[in-house]
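Peer 1: Sending over a structure as structure tokens; questions will come in a sec.
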Amino acid sequence: MKIAVFPGSFDPITLGHFDIVERAVPLFDKIIIAIGKNSQKKYMFSLEQRKEFIRKTFEKFPNVEVDDFEGLTIDYCKSKNVNFILRGLRNPADFEFEKSIAQTNRAMTRDNTIETIFLLTSSGKSYISSSIVREIISFGGNYEIMVPDAVRVGKN
């Protein structure tokens, strides 16, 4: 069974994230959207809110589930017997950053059993990031064009 973990904070999930998962669905038997917990990070939305946003967003995708974890992504993957990490790339800066993480993860597995799969975000969504969305929300701007319906409803 081909299972991928799509890790992130998803604070909140955006249409860019949706684009990556929707396009990855036919490639994997199951995709686990795994919300990483970072005790040093201040989130706009609670873990439960983020999980609910994701559940509602992907409710029509039977092979997509949501989970949360603490610690290293590769340790989470090992605990779930997952061999693929799914990542989205918006631009060259993302590529350089994600390449370093992927190479580090590969080195840390020692047996090279965890591969990172990169998908390019569709051009119409490549400008969207959770940090931009949070900034727009904090100033009362029109964030709705960048997030799935579940987030739009959840913030009102």
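For the sequence shown, the UniProt record's numbering gives the first residue as 1, with consecutive numbering after it. Virtual Cβ for every residue (Gly too), placed ideally from N, Cα, C.
#1: Per the contact definition of three or more C-beta pairs closer than 8 angstroms, is the segment 5-18 in contact with the segment 76-91?
#2: Do you know whose CA, among M1, R50, F28, lies nearest I117's CA?
#3: Report yes if the C-beta distance between D11 and A34 is below 8 angstroms; otherwise report no.
#4: For the alpha helix (DSSP H) containing P92, list its first residue and its last residue.
#5: Give the C-beta separation of G88 and L119 to the nearest angstrom, bearing in mind that I take them to be a contact with Cβ-Cβ under 8 angstroms.
#6: Under DSSP, the alpha helix (DSSP H) around V82 begins and ends at which residues?
#7: For T116, which of helix, strand or coil comes out of DSSP?
#8: Please report the straight-line C-alpha distance between P92 and N105, rounded to a whole angstrom.
#9: Rounded C-beta distance between R90 and G16? I'm assuming under 8 angstroms.
#10: Please report the distance separating the alpha-carbon of V25 from that of M1.
#11: Tell me which residue opens and which closes the beta strand (DSSP E) that I136 is part of.
#12: Relative to the C-alpha of N38, which residue among D19, S46, I128 is closest?
#13: Determine the contact status of S126 and T14, defining contact as a CB-CB distance below 8 angstroms.
Peer 2: The short version:
#1: Contact between the segment 76-91 and the segment 5-18 is present, because at least three Cβ pairs lie under 8 angstroms.
#2: I117 has its Cα closest to that of F28, out of M1, R50, F28.
#3: Between D11 and A34, the gap from beta carbon to beta carbon reaches 8 angstroms or more.
#4: In the DSSP assignment, P92 falls within the unbroken alpha helix (DSSP H) covering 92-109.
#5: About 6 angstroms; that satisfies the 8 angstroms criterion.
#6: Counting along the chain, V82 falls outside any alpha helix (DSSP H), and DSSP gives it neither H nor E.
#7: Under the three-state reduction of DSSP, T116 is assigned to strand.
#8: Straight-line Cα distance between these residues: approximately 20 angstroms.
#9: Indeed, because the Cβ distance is near 7 angstroms, the residues count as touching under 8 angstroms.
#10: Their Cα atoms are separated by approximately 13 angstroms.
#11: Unbroken run through I136 is the alpha helix (DSSP H), 130-138; no beta strand (DSSP E).
#12: Nearest of D19, S46, I128 to N38, Cα basis: S46.
#13: No.
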